[in-house]
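**Q**
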Amino acid sequence: DAKTTQPPSMDCAEGRAANLPCNHSTISGNEYVYWYRQIHSQGPQYIIHGLKNNETNEMASLIITEDRKSSTLILPHATLRDTAVYYCIVRTSFKAAGNKLTFGGGTRVLVKP
Amino acid sequence: EAQVTQNPRYLITVTGKKLTVTCSQNMNHEYMSWYRQDPGLGLRQIYYSMNVEVTDKGDVPEGYKVSRKEKRNFPLILESPSPNQTSLYFCASSFGLLAETQYFGPGTRLLVL
Chain F
1 DAKTTQPPSM DCAEGRAANL PCNHSTISGN EYVYWYRQIH SQGPQYIIHG
51 LKNNETNEMA SLIITEDRKS STLILPHATL RDTAVYYCIV RTSFKAAGNK
101 LTFGGGTRVL VKP
Chain P
1001 EAQVTQNPRY LITVTGKKLT VTCSQNMNHE YMSWYRQDPG LGLRQIYYSM
1051 NVEVTDKGDV PEGYKVSRKE KRNFPLILES PSPNQTSLYF CASSFGLLAE
1101 TQYFGPGTRL LVL
């Protein structure tokens, strides 16, 4: 699976959009970009994923650059409950075995009132 | 409500005293997995199961056992716990290896003295 690079931390004002960048310059053609988040010591929570088109769901939007070497997760109206560590993961949709998720360092997002 | 449950949520035990952490999901998922999370080491897969009576080792299986006698349950067994198994444990499930998302339980914090 391709390696990802994320800023270690960022702050965001409550009610404003939070834009979380992720670099994955070694991504290959069959690898998806996934985003999970983990609120302090809780189980990781799936947010969104995409291959090359931009995606949107009730939680967030995912913007993937045309060359697919980077992406941005957008939380449109951050709330205090969005304070968490956000993980960008690049992997194939199908794994031969294990289906394991490998989380890197992530971005620690602090939403401030 | 669709969910993955784990019990207990917190456990303090002593070296060598056998323990079991239960995991149950109500989504009829085929795939289940156990992870441990330690500071600086991220999430590491211990064991996984692709269906009833089918289990396999993850990255860090030493000192752990699992069983999958029913589709909904996937207990993690520590036959002789040691202090290096002090960790935060997560159970996860998904529809199968092709599933796009994994659903995580709330976590079990284990301290082995």
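Those sequence lines, one after another, are chains F and P. Using my numbering, the letters of the first sequence correspond one by one to residues 1 to 113. Using my numbering, the letters of the second sequence correspond one by one to residues 1001 to 1113. Every residue, glycine too, gets a C-beta built ideally from N, C-alpha and C. Nothing here was measured: the structure is a model prediction, and the numbers come from that model.
Tell me which residue opens and which closes the beta strand (DSSP E) that F/Thr-107 is part of.
**A** Its beta strand (DSSP E) spans residues 107-112.
**Q** When burial is assigned at 16 or more other CB atoms within 10 Å of the CB, is F/Leu-75 buried or exposed?
**A** Looking at its Cβ environment, which holds 16 or more other Cβ atoms inside 10 Å, F/Leu-75 is buried.
**Q** Taking F/Leu-101 as the reference, give the member of P/Arg-1109, P/Phe-1090, P/Thr-1108, P/Gly-1016 with the closest Cα.
**A** F/Leu-101 has its Cα closest to that of P/Phe-1090, out of P/Arg-1109, P/Phe-1090, P/Thr-1108, P/Gly-1016.
**Q** Below 8 Å on the Cβ atoms is my guess for P/Lys-1069 versus P/Ile-1077; work out the distance and round it to an integer in Å.
**A** About 12 Å separates the two Cβ atoms, so there is no contact after all.
**Q** Note down, in chain order, all residues in the region 81-92 of chain F with a beta-carbon under 7 Å from any beta-carbon belonging to chain P.
**A** Going along the region 81-92 of chain F in chain order, one finds no residue with a Cβ nearer than 7 Å to chain P.
**Q** Can you pull the chain F residues whose beta carbon is under 8 Å from the beta carbon of P/Leu-1043, in chain order?
**A** Per Cβ cutoff of 8 Å: Pro-44, Leu-101, Thr-102, Phe-103.
**Q** Mind listing, in chain order, the continuous alpha helix (DSSP H) runs of no fewer than 4 residues lying wholly within the region 27-74 of chain F?
**A** Counting whole runs of 4 or more residues, the region 27-74 of chain F contains no alpha helix (DSSP H) stretch at all.
**Q** Quick one: does P/Pro-1075 have its CB under 8 Å from some CB of chain F?
**A** P/Pro-1075 does not count as touching chain F.
**Q** Excluding the 5 residues preceding and the 5 following F/Thr-4 in the sequence, name in chain order all residues of the same chain whose CB lies nearer than 6 Å to its CB.
**A** Same-chain partners within the cutoff: Cys-22, His-24, Cys-88, Val-90, Gly-104.
**Q** Could you check where the beta strand (DSSP E) with P/Thr-1013 kicks off and where it finishes?
**A** Segment 1010-1013, the beta strand (DSSP E) holding P/Thr-1013.
**Q** So, is the C-beta of P/Pro-1081 closer than 8 Å to a C-beta in chain F?
**A** Answer no: the Cβ-Cβ gap between P/Pro-1081 and chain F never drops below 8 Å.
**Q** Between F/Tyr-32, F/Thr-92, F/His-77, which lies nearest to F/Arg-16 when the distance is taken from Cα to Cα?
**A** Considering only alpha carbons, the answer is F/His-77.
**Q** Chain F partners of P/Pro-943, CB-CB under 8 Å?
**A** Residue 943 of chain P lies beyond the range of chain P shown here (1001 to 1113); nothing can be said about it.
**Q** Considering only residues of the same chain and omitting the five flanking positions on each side of P/Arg-1072, which have a CB-CB separation below 7 Å?
**A** Counting only Cβ-Cβ distances below 7 Å, and skipping sequence neighbours, we find Ser-1024, Gln-1025, Asn-1026.
**Q** Taking the alpha carbon of F/Glu-31 as the reference point, which residue from F/Lys-69, F/Gln-38, F/Asn-19, F/Ala-13 has its own alpha carbon closest?
**A** Taking only the C-alpha atoms, the option nearest F/Glu-31 is F/Lys-69.
**Q** With C-beta atoms as the reference, is F/Thr-192 less than 8 Å away from F/Val-111?
**A** What is shown of chain F runs 1 to 113, which leaves residue 192 of chain F out entirely.
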